[in-house]
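Chains A and B supply the protein sequences, listed in that same order. Just so you know, we're using the numbering used here here: the first sequence kicks off at 2 and counts up by one. Just so you know, we're using the numbering used here here: the second sequence kicks off at 89 and counts up by one. Beta carbons are placed, not taken as given, at the ideal position from N, Cα and C, and that holds for glycine. It should be emphasised that the depicted structure is a prediction, and the values quoted were computed from it without experimental measurement. Taking it in order: structure first as structure tokens, then the write-up.
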Amino acid sequence: MENPNEHIDFLESGPLAPLKKWSAKWSLWPCHFITSCCGVELAHAFACGYDGERLGTLNLGISRQSNFIIVEGTITRKMARALQFVYGQMPDPKYVNVIGACGERGGIFWNSYNITHPSDIVPVDFFVPGCPVTPESLLRGVRALQDKIMGVDKKTIEFKKVELPFEEKLEERMVPTSPKIYAPTPEIKVDVKRVVDWDFGKELEHTLRKELKGLFESVTITGKDRIAIRTTPENLIEVARKLKGQMNFDHVKSVNVIQVPHERKFIVEYVTSSYGIEELMTVLVTIYTEIGIKNPKIPSLTSVWESANYSERELHEFFGVWFEGNDWMGRKFVLAPDTPDLPLRKEYKIPEERYVFEKDVEPEFMVPIEPPKDLYTPIWEEFVETAPASDEIVVPIGPHHPGSGHLRVTFRIKGDRIVDALPEPGFVHRSMEKLAENKLYIQNVPLFERLAINDPASMNLAYVRTLENALDVEVPERAKYLRTILSELSRIEAFYYDAGIFSLFFGHTTGFMYCMAIREMIIEPLVHISGSRSGPSFIVPGGLRRDISDDVLGMIDNITFAIHKRAKKFESIFVNNPVTIARAKGVGVLTKEDAIRCGMVGPFLRASGVNYDIRKVAPYDAYDKVDFEVTTGDDGDCLGRFLGRLEEIRESVKIVKQGVDAVRDIKGPILSEDILGEYKEASSDIKGSFFRVFGNLVLPKGEWTTITEAARGTTLFTINSDGESNVPYRVRVISPSWMNLKGFMEAAKGERYADFWAVYGSFGYFPPEADR
Amino acid sequence: MIDISGLIGTIMNNPVNIPLLYVIYEFLLKIPVLGGIVAFLLDFSILGMPVVRYIIGFVLWKPFFTLIIIPGFATLGTMLLVLPWLERKLVARMQWRVGPREIEPHTRGSIQLLADTLRFLCQEVIIHKDAHKHYFLQFPFLYFIPVLLPLLFINAGAVGHPLVPIETPYALQIMIGLISLMPVFIIGVAWASNNRFSFIGAVREAFMYFAYEIPFIISVLAMIVLYGTSNTAEVVSGVNQSTWLHWGIILNPFAALTFFIATAMATARLPFDIPEADQEVAFGPFVEYTGIVFGLAYIMAYEKAYVLAAIMTMLFFGGGSGPVIPYLGELSYGIWFVVKTLIILLVLVNLRGVYPRYRIDQALSIGWGAMLTLALFALVWSVVIGVII
Chain A
2 MENPNEHIDF LESGPLAPLK KWSAKWSLWP CHFITSCCGV ELAHAFACGY
52 DGERLGTLNL GISRQSNFII VEGTITRKMA RALQFVYGQM PDPKYVNVIG
102 ACGERGGIFW NSYNITHPSD IVPVDFFVPG CPVTPESLLR GVRALQDKIM
152 GVDKKTIEFK KVELPFEEKL EERMVPTSPK IYAPTPEIKV DVKRVVDWDF
202 GKELEHTLRK ELKGLFESVT ITGKDRIAIR TTPENLIEVA RKLKGQMNFD
252 HVKSVNVIQV PHERKFIVEY VTSSYGIEEL MTVLVTIYTE IGIKNPKIPS
302 LTSVWESANY SERELHEFFG VWFEGNDWMG RKFVLAPDTP DLPLRKEYKI
352 PEERYVFEKD VEPEFMVPIE PPKDLYTPIW EEFVETAPAS DEIVVPIGPH
402 HPGSGHLRVT FRIKGDRIVD ALPEPGFVHR SMEKLAENKL YIQNVPLFER
452 LAINDPASMN LAYVRTLENA LDVEVPERAK YLRTILSELS RIEAFYYDAG
502 IFSLFFGHTT GFMYCMAIRE MIIEPLVHIS GSRSGPSFIV PGGLRRDISD
552 DVLGMIDNIT FAIHKRAKKF ESIFVNNPVT IARAKGVGVL TKEDAIRCGM
602 VGPFLRASGV NYDIRKVAPY DAYDKVDFEV TTGDDGDCLG RFLGRLEEIR
652 ESVKIVKQGV DAVRDIKGPI LSEDILGEYK EASSDIKGSF FRVFGNLVLP
702 KGEWTTITEA ARGTTLFTIN SDGESNVPYR VRVISPSWMN LKGFMEAAKG
752 ERYADFWAVY GSFGYFPPEA DR
Chain B
89 MIDISGLIGT IMNNPVNIPL LYVIYEFLLK IPVLGGIVAF LLDFSILGMP
139 VVRYIIGFVL WKPFFTLIII PGFATLGTML LVLPWLERKL VARMQWRVGP
189 REIEPHTRGS IQLLADTLRF LCQEVIIHKD AHKHYFLQFP FLYFIPVLLP
239 LLFINAGAVG HPLVPIETPY ALQIMIGLIS LMPVFIIGVA WASNNRFSFI
289 GAVREAFMYF AYEIPFIISV LAMIVLYGTS NTAEVVSGVN QSTWLHWGII
339 LNPFAALTFF IATAMATARL PFDIPEADQE VAFGPFVEYT GIVFGLAYIM
389 AYEKAYVLAA IMTMLFFGGG SGPVIPYLGE LSYGIWFVVK TLIILLVLVN
439 LRGVYPRYRI DQALSIGWGA MLTLALFALV WSVVIGVII
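This is the structure in structure tokens:
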């Protein structure tokens, strides 16, 4: 950039300069350009409670009408193009604030292959640190910008190197080793046989062997509710058909590829389960096969399980595995055109992560990243070319659009009807799976929490449970209840966020504000517990970081009553509003069959009439001890999905109340002895022993898959460990929004153009969660 | 030759009667130094003509006063500066917020709109290369014609004291004709923008236009039938709306309701914010507009709302009728008129805090179904009531 001030120099010239500056100061309209997960805090900053409009900053309009961009966190390579476009479209004078740690130097994603630095792309006025930033600091950034416009020079903080007085002592302490794969040729085994007390499993294994006679190479029980079937690439599709047809395994929960370079092979695995048969609901059957690393081709199972479609597309980009039969092979789906090819292969190395910087190592803070040069993000050409012939109009929505998050959807519209919708995720793809391979197991806790910062505890719990399952750790009773409470609070939070976005998509800002006000109240105890609004990272393997005092428990209890009152108001103004009902009823219907076919999860599956909730089916933590009902609906329309989640909020409040009552009487440790080992004094507060307890966690050899019910549905974590390294060999995350994307698009097809937003809002699609 | 003295006579003999001005004048004369200056100014004359007297007389000349001060441009300008601020404050209140404040905390951020307008004024105006350059710039300004011309026929007076710039028996018809022209300009704006969203917005605007226009016209027609006149000066005077029991909303509430919904549709307020739905089509026709041109478009909806609310005040709320405020004379009617209009406008803009947005087909079915039925019923009702009275 030659002159970073060229876009604001105009303000300084002429006799009217003071007037121009004054008006620009008080009329900073940020355009609706949500780039990453800090958008949640942006919503809070402009909702009641913080009310950014006080400062004259009105969140209205798109780039053309506004003069201010708030870049919320990570700018991925795909989003960098959008950012450049949006900045170019804006009229001078224009300003940019970057919020979030990852907008500065990458933050927690500093060594990701898919991020860029906003400061390379646009001239930035202010950086606001924080992960995620708090609304206060966001607004303080706005104030700082206002001062800057008026000519008040405010220097940002200058960092100074401070000599620590207790440096001598530091050396005595055992510093955990940096994350590293130890074995040069680790042994990666997907089906490590384990002896478990599971009678139904033995029966099932027997049935599987009978049904799949001659098609499999081995059937192994790898844990409770986990069965792995090894087969050959030729037989894969036949096995899948049999499983679906005879055994009623009707959906795919995850598709995974593991590269083993020293054995020159890929392991391709499909994790399937059933929504149809109650006994099979908890069972995850993994079909896997091995293919050579050269010219890796494998038949796609999209024809059998449509829910595998998007995951196959994604893995094709990550690993270069060619799924024959999937129509998207050879194209980009999640990644940008200039992202490094095949980034998840082990040959592609990202800068090394360190746990603690050693004395003589010069830290590499900022990875130099080339900003993208060309601005073109292609839409699937056939999709566009054939449109005029059939009298259709192509309308792309997002990522910069008042009614879209970080997702681009391209429509073909005939009249007012959506004929076809082409999703384009990946605008917030921060490459968590690759990053996780370079971090210690414990370092991945905050990383995976960033999947959905409006649903932090659920994501946190989902990952931690996987570690606990692998390490066979039994969580103490008190911690179980506390974790349940946290997880349910987080669920309420996420649902209110979605409800707010749903009302905003209908143009109903009041409903949005009310929801944000309620969220604000739930965030309050989270702040009291961990000090962070939406990234507490409070749940650690074996329990919690520290105990929660009775005061905070009382506060949580009070807040459940306070929510009730506000929720009534929200219901009367938005939920019972005749216009809302007219807009949402009967729109975007997803039948039970469609929902299962698309592999929907969570409340959106239940709204279509499938009674599947992991909290009931395979209870974890304290869910088997609390009394709650699973909400199901039959309509499968937008209103059903929306009301279903409101109903779940009520159930969650019930759980929280029961949990608070129960936990008052349970005294005891909150960290399991299994994991503490010799550091028993840390059983009520991990402070001081964190490094020693968690620094060198190593998972036993094998594959560990856990499903957890996050707010928006099933979150699946698969961790492969070689049994000796302190980093995972491969982590596969399937987040609920990613699984819901397919059904979301199906539901939008055939509806009216304006109904897309009803459908969008009703699915609570959260792009950072989906893109990972 | 123009008969100047005759013209001046016409002007000077038709002032707005405001007793307060005489009180102030007499009070000023009593102040030692200032009184002298005032007396001198009033007697100051060039070529035997007391210029200052003539200027004051011209300003107070009824047609001029009504066009420029009440209910004309000055009122409109004040409304445009105050109304969006009031809207933002009131909606913020409904949403448990405070709205714009920090710019001028003592007056609750009342000059927020000034800052916004200045900012728009000082911003770059971008004409993108796909736009039809001339139409793109001309249409927003041409849009002023149908929006401002109805001001000529608005009557802010009450019984026996019309405050109207131009009195004509066809006033209501002309106003409706001009209002019906507005969507044409919006569609022109959208067409010149050459953008997908503005195209969709234009189509929506056209559909909405047909849906609300017919019930709107019929509801006005019902009132014309009821009053037996379409002269705005006569609509609010005589027996028509002398007491509040004779207000249009009491005599024919159905027409009032139709008119109000049509107003919400015509000004694209929620729940009928369909052509400009920002979550769906990103301001539709105005998606490509920047700087002051967008500012004009943004403010134009409020101007349209003002005109429609003024018509509503005249037809259904007795125009400027109300308790006479002593010393203000005819101005008191104007003040009542402005107050009533402002209340209607506030109700209109605050729909934003209460309702989500309808879908286009639902709005069309409301327009062609419920509203048309209601309007026709209102017409029949007017005939019946007219016969009874």
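Per-residue DSSP class, three states only, for T716 of chain A: Position 715 of the first sequence, counted from the start, is the residue given in the question as residue 716 of chain A. Strand.
Beta-carbon proximity of S685 of chain A to D548 of chain A, cut-off 8 Å: Looking up residue 685 of chain A in the first sequence gives position 684. Looking up residue 548 of chain A in the first sequence gives position 547. Their beta carbons are under 8 Å apart, which means S685 of chain A touches D548 of chain A by this criterion.
Contact with chain B by H45 of chain A, beta-carbon distance below 8 Å: Against the first sequence, residue 45 of chain A aligns to sequence position 44. Put simply, the CB of H45 of chain A is far from chain B, with every gap to its CB atoms at 8 Å or more.
Neighbourhood of L171 of chain A by C-beta distance below 6 Å, restricted to the same chain and skipping five residues each side: Taking the first sequence and counting its residues from 1, the one referred to as residue 171 of chain A is at position 170. Residue placement at L171 of chain A is poorly supported in this model, since its pLDDT is 49, which falls under 50; the coordinates are not used for a value here.
Any chain A beta carbon closer than 8 Å to Q450 of chain B: Reading the second sequence from its first residue, position 362 is the one you call residue 450 of chain B. Closer than 8 Å to some Cβ of chain A, the Cβ of Q450 of chain B qualifies, so yes.
Delimiting residues of the beta strand (DSSP E) encompassing T411 of chain A: Here the question's residue 411 of chain A lines up with position 410 in the first sequence. T411 of chain A -> beta strand (DSSP E) spans 409-415.
CB-CB length for S391 of chain A against A585 of chain A, believed under 8 Å: The residue you call residue 391 of chain A lines up with position 390 of the first sequence. The residue you call residue 585 of chain A lines up with position 584 of the first sequence. Wrong, their Cβ atoms sit about 30 Å apart, outside the cutoff.
Contact under 8 Å by Cβ, A162 of chain B with P250 of chain B: Position 74 of the second sequence, counting from 1, holds the residue named residue 162 of chain B. Position 162 of the second sequence, counting from 1, holds the residue named residue 250 of chain B. No, they are not a contact pair.
Which of helix, strand or coil DSSP assigns to F127 of chain A: The residue you call residue 127 of chain A lines up with position 126 of the first sequence. Strand.
Sequence-distant residues of its chain with Cβ nearer than 6 Å to A337 of chain A (five each side left out): Here residue 337 of chain A is taken as the residue at index 336 of the first sequence, counted from 1. Excluding positions up to five away in sequence, the list reads R78, K79.
Limits of the unbroken beta strand (DSSP E) element including S219 of chain A: Translated into positions along the first sequence, residue 219 of chain A becomes position 218. Segment 217-224, the beta strand (DSSP E) holding S219 of chain A.
For R598 of chain A and H252 of chain A, the rounded distance between their alpha carbons: Start at 1 with the first residue of the first sequence, and residue 252 of chain A comes out as number 251. Start at 1 with the first residue of the first sequence, and residue 598 of chain A comes out as number 597. Going by the C-alpha atoms only, they are around 7 Å apart.
Opposing strand residues paired with F267 of chain A [DSSP bridges]: Taking the first sequence and counting its residues from 1, one reaches residue 267 of chain A at position 266. A:Q260, A:I292, per the DSSP bridge assignment.
Beta-carbon spacing of I268 of chain A, I278 of chain A below 8 Å: As a working note, residue 268 of chain A is residue 267 in the first sequence. As a working note, residue 278 of chain A is residue 277 in the first sequence. No, they are not a contact pair.
C-beta neighbour in chain A for R189 of chain B, strict 8 Å: Within the second sequence, numbered from 1, the residue matching residue 189 of chain B stands at position 101. With 8 Å as the cut-off, R189 of chain B counts as an interface residue toward chain A.
Helix, strand or coil at E7 of chain A [DSSP, three-state]: Counting from one through the first sequence, the residue named residue 7 of chain A turns up at place 6. It is coil, neither helix nor strand.
Beta-ladder partner(s) of S722 of chain A, from DSSP: The sequence position of residue 722 of chain A within the first sequence is 721, counting from 1. Bridge partners of S722 of chain A: A:G703.
Beta-carbon contacts of G406 of chain A that lie in its chain and below 6 Å, excluding the five residues immediately before and after: Residue 406 of chain A sits at position 405 when you count from the first residue of the first sequence. Around G406 of chain A: I35, P768.
Reference D366 of chain B, options A:L554, A:L84, A:N612, A:L505, closest by Cα: Working through the second sequence from its first residue, we reach residue 366 of chain B at position 278. Of the listed residues, the one whose Cα sits closest to D366 of chain B is A:L505.
Min CB distance Y196 of chain B to chain A below 8 Å: In the second sequence, counting from the first residue as 1, residue 196 of chain B sits at position 108. The residue you asked about is not Tyr; residue 196 of chain B is Arg in the sequence shown. It does not; no Cβ of chain A falls within 8 Å.
Closest Cα partner of E313 of chain A within the set A:I735, A:D756, A:A748: Walking along the first sequence from the start, residue 313 of chain A turns up at place 312. In terms of Cα proximity to E313 of chain A, the closest of A:I735, A:D756, A:A748 is A:I735.
Straight-line gap, A466 of chain B to V475 of chain B (C-alpha atoms, nearest Å): Within the second sequence, residue 466 of chain B is the residue found at index 378, counting from 1. Within the second sequence, residue 475 of chain B is the residue found at index 387, counting from 1. Taking the straight line joining both Cα atoms gives about 14 Å.
Coil, strand or helix - W323 of chain A by DSSP: Along the first sequence, one-based indexing puts residue 323 of chain A at 322. Reduced to three states, the DSSP call for W323 of chain A is strand.
Rounded C-alpha distance that separates M274 of chain A from I222 of chain A: Taking the first sequence and counting its residues from 1, one reaches residue 274 of chain A at position 273. Taking the first sequence and counting its residues from 1, one reaches residue 222 of chain A at position 221. It should be noted that the sequence gives Ser, not Met, for residue 274 of chain A. So the two alpha carbons sit approximately 15 Å from each other.
Identified DSSP bridge partners for H249 of chain B: By one-based count along the second sequence, residue 249 of chain B stands at place 161. According to DSSP, H249 of chain B bridges with B:A246.
Extent of the continuous alpha helix (DSSP H) to which I214 of chain B belongs: One-based indexing of the second sequence puts residue 214 of chain B at position 126. Careful: I214 of chain B lies outside any alpha helix (DSSP H) and carries neither H nor E.
Whether G536 of chain A touches E434 of chain A by CB criterion (8 Å): Stepping through the first sequence from its first residue, residue 536 of chain A is reached at position 535. Stepping through the first sequence from its first residue, residue 434 of chain A is reached at position 433. No, Cβ-Cβ distance for G536 of chain A and E434 of chain A is not below 8 Å.
Test: G441 of chain B CB closer than 8 Å to a CB of chain A: The sequence position of residue 441 of chain B within the second sequence is 353, counting from 1. G441 of chain B counts as touching chain A.
Distance between I191 of chain B and L117 of chain B (C-alpha atoms, nearest Å): For this step, residue 117 of chain B is matched to residue 29 along the second sequence. For this step, residue 191 of chain B is matched to residue 103 along the second sequence. Distance between the alpha carbons of L117 of chain B and I191 of chain B: 40 Å.
Length of the line joining the Cα atoms of T195 of chain B and L56 of chain A: The residue you call residue 195 of chain B lines up with position 107 of the second sequence. The residue you call residue 56 of chain A lines up with position 55 of the first sequence. Cα to Cα, the separation comes out at about 14 Å.
Proximity of P373 of chain B and A299 of chain B at Cβ, strictly below 8 Å: Numbered from 1 along the second sequence, position 285 holds the residue referred to as residue 373 of chain B. Numbered from 1 along the second sequence, position 211 holds the residue referred to as residue 299 of chain B. No, the Cβ-Cβ distance between P373 of chain B and A299 of chain B is not below 8 Å.
Neighbouring residues, chain B, relative to K21 of chain A (Cβ below 8 Å): Residue 21 of chain A sits at position 20 when you count from the first residue of the first sequence. Here the neighbours are L206, C210.
Neighbour flag for N6 of chain A against chain B, beta carbons, 8 Å: To locate residue 6 of chain A, count along the first sequence from 1; it is residue 5. It does not: the Cβ of N6 of chain A has no partner Cβ on chain B nearer than 8 Å.
Beta carbon proximity, V396 of chain A to chain B, threshold 8 Å: Looking up residue 396 of chain A in the first sequence gives position 395. Yes, V396 of chain A counts as interfacial toward chain B.
Buried versus exposed call for T98 of chain B [16 or more other C-beta atoms within 10 Å across all chains shown]: Within the second sequence, the letter at position 10 stands for residue 98 of chain B. Exposed, by the Cβ-count rule.
Contact list for I214 of chain B against chain A, beta-carbon separation under 8 Å: Taking the second sequence and counting its residues from 1, the one referred to as residue 214 of chain B is at position 126. Per Cβ cutoff of 8 Å: R65, Q90, P92.
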